[in-house]
Amino acid sequence: MQSNRFGISPGGVGVAGLGASLCALVALWLGYGLSWRELGAAAIGAMAAIAGSTLFVGVHSWQNRNSQVSYEKTAHQARHDNLTGLVNRIALFEELEQSVKGSRDAGTVLGVMFLDLDRFKVINDSMGHEAGDELLRIIAGRLKHTVRGSDVVARFGGDEFVIITRDLLSEKSVLAVAEQILKTFAAPVSLYGSNLVVSTSIGVAIARPDDVRTGEELVRDADAAMYKAKRSRSGYAVFDEIQRQEVTTRLDTERDLTGALDSSQFVVHYQPLISVSTRSLYGFEALVRWQHPTRGLLGPAEFLAVAEETGMMARIGEMVLREACAQAAVWNHLNPDAKQVKMSVNIAEQQLLDSNFPLRVQEILAWSNLDPSQLQLEIIEDVVIDHLDGLSVLREIQALGVSLAIDDFGTGQSSLSYVKQFDMVSSLKIDKTFVDEMGGASRAIIEAITAMAKALGLQVIAEGVESTDQVRQLLDYGIDVMQGYLFSKPVPATEIDPVSWFGVRPSAGPIGPAAPSPEHSLHQGRPERRA
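Each residue of the sequence shown is one higher than the one before, counting from 7 in our numbering.
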């Protein structure tokens, strides 16, 4: 039994009390000549006192012991993840700061790995959250058994993990751990009767003894490297100097974005969609640009990802929608033929997840006095598949009379199996990558998409058209509406003449300002992030 705070056990108190009582009774009997009856009464009183003291000390000891257990349990919970039992984010950064200091003092190499499970949301949604939780527990156990006992495995949040590898002699040792982790993931996971192969993307940040980065900065850099690994599907990637510059630029972009909306630095450019067979303008796609005060005009690839991560995309998207609807209304006023031309605007992921978004669309249409049939909203295929619960939002928008299109179609996983759920969609936009390589597998994909769209009564639009040869091939597939640098680059509204741009033209070639050559567009036109 554990002792109390004074180092005395209840048993010890009882024995000591009994001994002291016997001595007192003997002294009373010899000194005062007590009768047996009086001596018995004194003994009973002494025994009661002993029992009371022993009980008090026992209760006190039990309280101390349980308080200690409760304290240790609370302290453990504060530093560990409830689901996996791994170190949590708070304790991770405490461990990291100690590890960074220890690495510098000992002159050893420190590795920080950021892991993100690939397509975890699909498993979670298809098999249920309980299965997802069980998968995380299995992965956590595998990671703990893969690394050394001196290393730290932490659950960073969701399906993200961070591993600290300490006291290594070289950078190769860090990479060896990453490769071993990938081998561990190659083994199937048995989950509720199914064998699943779960892959991961690993970002690695390596700190040498002279590295001045903090633990938080190492995690940030490992996270950036993880996204590089995910994009390249290479398994793992190491943070390097190029990424260091990218991170610096990203931080500058994040800082400058804060005031960009308030100071009206975002502008909208418009790229035409051409109906080739009728030689007429089918529509415009509104594309956002950032007129940065020092860096000049920035394309969407330079800031949209940061805007999405910082939660600004909904505000930017609404600004583009409002501006595009107002511009379409102006063109309608200047040229009645403009009323036959659609205005396409992209929906951001944050907007799809907003149940009030349909009301905002309705309000903007009323404010701009634009007919709903003239507006087409586009949503990237992967975003729809990842958020099938957002289909109700799309149906509400369709009920307003607004048409919907799936952008970058064919690049997402299981496109054909999901398309039946897109009953509210009227158009599919074939991604530029398939148009670039219209041969082999790309040809088969385009043919399959076109045949499926025809059977479902959907309009097919080809993006990224840059040559007349591509136009001929797309027409052979039955695709008539096209968009790309062959016809025009995105231009500001001031460069669009409402008289010459609307209506039938003598050819389906470049309109408005001269379009750049295909060679130029290969460098300037891709990749095009939209908003």
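Every residue gets a Cβ at the ideal spot worked out from N, C-alpha and C, and that includes glycine.
- Residue pairing by DSSP puts Arg-295 in a beta bridge opposite Val-273.
- With respect to Ser-200, Gly-289 sits apart: the two C-beta atoms are not nearer than 7 Å.
- In the three-state DSSP reduction, Tyr-483 falls in the coil class, being neither helix nor strand.
- Ranked by Cα distance from Ile-208, the options Ser-281, Met-119 and Arg-95 are led by Met-119.
- Under DSSP, Glu-384 forms a beta bridge with Asn-352 and Ala-411.
- By the neighbour-count criterion, in which a residue is buried when 16 or more other Cβ atoms sit within 10 angstroms of its Cβ, Ser-374 is buried.
- Taking the Cα positions, Lys-189 is about 14 Å away from Leu-123.
- Here Arg-161 is near Asp-87, since their CB atoms are less than 7 Å apart.
- Bounds of the beta strand (DSSP E) holding Ser-433 are 433-436.
- Under the DSSP assignment, Ser-105 falls in the alpha helix (DSSP H) whose first and last residues are 95-112.
- Between Ala-184 and Val-153, the C-beta gap is not smaller than 7 Å, which leaves the two residues out of contact.
- Within a 10 Å sphere around the beta-carbon of Gln-380 sit 16 or more other beta-carbons, which makes this residue buried.
- The beta carbon of Glu-222 sits closer than 7 Å to those of Phe-99, all from its chain and outside the five residues before and after it, given in chain order.
- For Phe-162, the enclosing beta strand (DSSP E) stretches over residues 158-163.
- Two segments are said to touch when three or more pairs of C-beta atoms, one from each, lie closer than 8 Å; by this definition the segment 310-330 touches the segment 361-374.
- With respect to Pro-278, Phe-493 sits close: the two C-beta atoms are nearer than 7 Å.
- Gln-333 is positioned such that its CB atom lies no closer than 7 Å to that of Trp-296.
- Exposure of Ile-96 is indicated by the presence of fewer than 16 other C-beta atoms within 10 angstroms of its C-beta.
- In this structure, Pro-378 keeps its C-beta atom at 7 Å or more from the C-beta atom of Glu-402.
- About 17 Å separates the beta carbons of Val-115 and Val-168, which is beyond the 8 Å limit, so they are not a contact pair.
- Comparing C-alpha distances from Arg-143 to each of Pro-299, Gly-155, Val-159 and Asp-131 shows the shortest one belongs to Val-159.
- Secondary structure of Leu-121 (DSSP, three-state): strand.
- Collapsing the DSSP output to three states places Val-497 in a strand.
- Relative to the Cα of Asp-229, the nearest Cα in the group Ser-238, Val-244 and Arg-478 belongs to Val-244.
- Arg-250 carries a helical assignment under DSSP once its states are collapsed to helix, strand and coil.
- By the Cβ criterion, the segment 456-476 is in contact with the segment 427-435, since at least three pairs of Cβ atoms, one from each stretch, lie closer than 8 Å.
- Cβ-Cβ separation between Ile-452 and Ile-412: approximately 15 Å, too far for a contact (criterion under 8 Å).
- For Glu-166, DSSP records a beta bridge to Asp-122 and Gly-163.
- Annotation for Thr-90: no beta strand (DSSP E) segment contains it, and DSSP assigns it neither H nor E.
- A Cβ-Cβ contact shorter than 7 Å links Leu-383 with Leu-410.
- Secondary structure note for Ala-454: its alpha helix (DSSP H) is the uninterrupted segment 447-462.
- Between His-298 and Val-497, the gap from beta carbon to beta carbon reaches 7 Å or more.
- Annotation for Ala-332: the continuous alpha helix (DSSP H) segment containing it runs 319-340.
- Cβ-Cβ distances below 7 Å link Gln-479 to Met-444 in the same chain, with the five nearest sequence neighbours on each side left out; the list follows chain order.
- Following the DSSP letters along the chain, one finds Thr-190 inside the alpha helix (DSSP H) bounded by residues 177-192.
- For Lys-127, same chain residues with a beta-carbon under 7 Å away, outside a window of 5 residues either side, are Asp-392 in chain order.
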